[in-house]
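Chemist: There's a structure below that I have some questions on.
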């Protein structure tokens, strides 16, 4: 098929590259000239494992094209994927201006039947709004051109987006048209060869499914963090508790890792948006409010642990903290709503100097902290430890999971680790004379401290 994808962010670029990889001709449109120029050269502007190789291969084989012209992208495409951003507004609602702008331009430029596919995460009822906008633009032109609008939400995890697209758990199609459903099934058939993964429903149900899925996962994260905080206060170990409850197949182990809370561009935005949608509908979403509240509190936990540890030792002012991890999770350079960024900001505001390292997000973080003299973003993992008063591990990158503990202990002025991801086991910590303070677990100490 000939497809047009509007937007070259995580969703749009992954969608375009993966559809091209299965033999479709994909034209990817973006208004940013610089980004389009880079992509035409095979230079991917976002960090996503495996994506650059896909883009380069399909550029070479001429199945993938990048342009700033939406009119050119629409020329031969039957399917038009809207993959533009929908950021949170101050009141928690979604900013749909980019979605509506795409709809207006499609209505102004389309010359024949088109299927507009909303792939961006949008509130319930957006498909109806997009349909009305396109119809209004066609009426202004006095053009009687048929079209359809489909809800086809994405379920891509940053850091594993290519795999999620190529091997999806499910493919949600929100449409009331049997013919549209048939075309979408044909498009997605290469991604569902092992079993039928297509789930058909109304556009509103499809829109709601996306929010419900992300809010459910966010709820699991906030739940296990709530349990971890209770464990600390009653003397239980959340690692054992997690093993105990996860063994129940009704609960499972996925998304019950205690730590610093959820972040990124999806969960925070989607929880806020569903809260806003609920209130607009006259319903008070008490559980969702609690999920958000617990997560906001959890992002402060490691900073509070650092301050509590140093308070009887003269406080954090003038101390140096080494930090491993800046992105909101491993395998991405995304620092949006990252707990690590908030922790660093809070501790530096309290007078602590911070030296931080991340395998991918250093450049993004360096731009954020450019005016903060107390924060240094370094290019090496171990050099930042030299003479530091402690180490905080805030992102679960693989290279942080089994570090050179002897080197860590030797380099730190005080052999203390604040493990915000509960990565480390007692025997390794104790063997190297380190003290490790985790989330929801008893403190691990390999030595008696004197001050």
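In the working numbering, the protein residues as written are 20 to 470. A virtual CB, placed ideally from N, CA and C, is assigned to each residue, including glycine.
How far does the beta strand (DSSP E) with residue 37 in it extend, from its first residue to its last?
Modeler: Segment 29–40 is the alpha helix (DSSP H) holding residue 37; no beta strand (DSSP E) there.
Chemist: Tell me which same chain residues have a C-beta within less than 6 Å of the C-beta of residue 272, skipping the five on either side of it?
Modeler: Only 265 meet the Cβ criterion.
Chemist: Any idea which residues DSSP pairs residue 395 with across the strands?
Modeler: DSSP lists 374 as partners of residue 395.
Chemist: Just to check my reading of the structure: residue 92 and residue 37 have Cβ atoms closer than 8 Å, yes? What is that Cβ distance to the nearest angstrom?
Modeler: About 17 Å separates the two Cβ atoms, so there is no contact after all.
Chemist: Since I believe residue 29 is in contact with residue 180 (beta carbons under 8 Å), could you give me their beta-carbon distance rounded to a whole number of angstroms?
Modeler: Confirmed, Cβ separation roughly 6 Å.
Chemist: Exposed or buried, which one is residue 226 when buried takes at least 16 other CB atoms within 10 Å?
Modeler: Flag for residue 226 reads buried.
Chemist: What's the gap between the Cα of residue 459 and the Cα of residue 172?
Modeler: Taking the straight line joining both Cα atoms gives about 35 Å.
Chemist: How big is the Cα-Cα spacing for residue 461 and residue 377?
Modeler: Taking the straight line joining both Cα atoms gives about 27 Å.
Chemist: Within 10 angstroms of its Cβ, does residue 288 collect 16 or more other Cβ (buried), or is it exposed?
Modeler: Looking at its Cβ environment, which holds 16 or more other Cβ atoms inside 10 Å, residue 288 is buried.
Chemist: Would residue 197 be called buried (16 or more neighbouring beta carbons within 10 Å of its own) or exposed?
Modeler: That one is exposed.
Chemist: Skipping 5 residues on each side, what residues in its chain have a beta carbon closer than 7 Å to that of residue 123?
Modeler: Here the set comprises 152, 156.
Chemist: In its own chain, which residues sit with a C-beta less than 8 Å from the C-beta of residue 97, not counting the 5 before and 5 after it?
Modeler: 20, 21, 22, 132, 133, 134, 202.
Chemist: Please report how far the alpha carbon of residue 433 lies from the alpha carbon of residue 63, in whole angstroms.
Modeler: Taking the straight line joining both Cα atoms gives about 41 Å.
Chemist: Which residue spans inside the stretch 181–219 form an unbroken alpha helix (DSSP H) run of at least 4?
Modeler: Segments of the alpha helix (DSSP H) lying fully in the stretch 181–219: 197–207.
Chemist: Can you have a look at residue 429 and say buried or exposed, based on whether 16 or more other CB atoms are within 10 angstroms of its CB?
Modeler: Counting Cβ neighbours within 10 Å, residue 429 comes out exposed, since fewer than 16 surround it.
Chemist: Cα separation between residue 442 and residue 400?
Modeler: Roughly 16 Å between the two C-alpha positions.
Chemist: According to DSSP, what are the bridge partners of residue 23?
Modeler: According to DSSP, which records beta bridges pairwise, residue 23 is partnered with 46, 99.
Chemist: Could you tell me if residue 302 is buried or exposed, where buried requires 16 or more neighbouring beta carbons within 10 angstroms of its beta carbon?
Modeler: Exposed, because fewer than 16 other Cβ atoms sit within 10 Å of the Cβ of residue 302.
Chemist: With a threshold of 16 other CB atoms inside 10 Å of the CB of residue 421, please say whether the residue is buried or exposed.
Modeler: Its Cβ having fewer than 16 others within 10 Å, residue 421 is exposed.
Chemist: Is it buried or exposed for residue 283, if we count other Cβ within 10 angstroms and need 16 for buried?
Modeler: The residue is buried, with at least 16 neighbouring Cβ atoms inside 10 Å.
Chemist: Is residue 259 helix, strand or coil when you go by DSSP?
Modeler: The answer is helix: DSSP assigns residue 259 an H, G or I state.
Chemist: Once DSSP output is grouped into helix, strand and coil, what is the label at residue 86?
Modeler: Strand at residue 86.
Chemist: Taking residue 384 as the reference, give the member of 57, 342, 370 with the closest Cα.
Modeler: Per the Cα distances, 342.
Chemist: Could you name the residues that DSSP lists as bridge partners for residue 455?
Modeler: According to DSSP, which records beta bridges pairwise, residue 455 is partnered with 436, 463.
Chemist: The alpha helix (DSSP H) spanning residue 325 covers which residue range?
Modeler: It spans 320–329 - the alpha helix (DSSP H) in which residue 325 sits, taken as one unbroken run.
Chemist: Please classify residue 167 as buried or exposed, where buried requires at least 16 neighbouring CB atoms within 10 angstroms.
Modeler: Buried: at least 16 other Cβ atoms inside 10 Å.
Chemist: Does the separation of the CB atoms of residue 363 and residue 375 fall below 8 Å?
Modeler: Contact flag set, yes.
Chemist: Helix, strand or coil for residue 481 per DSSP?
Modeler: What is shown of the chain runs 20 to 470, which leaves residue 481 out entirely.
Chemist: Quick check on DSSP: helix, strand or coil for residue 410?
Modeler: Residue 410: strand per DSSP, three-state reduction.
Chemist: For residue 166, does the three-state DSSP call read helix, strand or coil?
Modeler: Strand.
Chemist: DSSP three-state label for residue 341, please.
Modeler: Looking at residue 341 - three-state DSSP - the assignment turns out to be strand.
Chemist: Assess contact between the stretch 405–416 and the stretch 437–452, defined as three or more Cβ pairs (one per stretch) separated by less than 8 Å. Is contact present?
Modeler: They touch, by the three-pair rule.
Chemist: How many Å lie between residue 216 and residue 188 at the Cα?
Modeler: For residue 216 and residue 188, the distance between alpha carbons rounds to 7 Å.
Chemist: Let me know if residue 290 comes out buried or exposed under the rule of 16 or more other beta-carbons within 10 Å of its beta-carbon.
Modeler: Residue 290 should be labelled buried.
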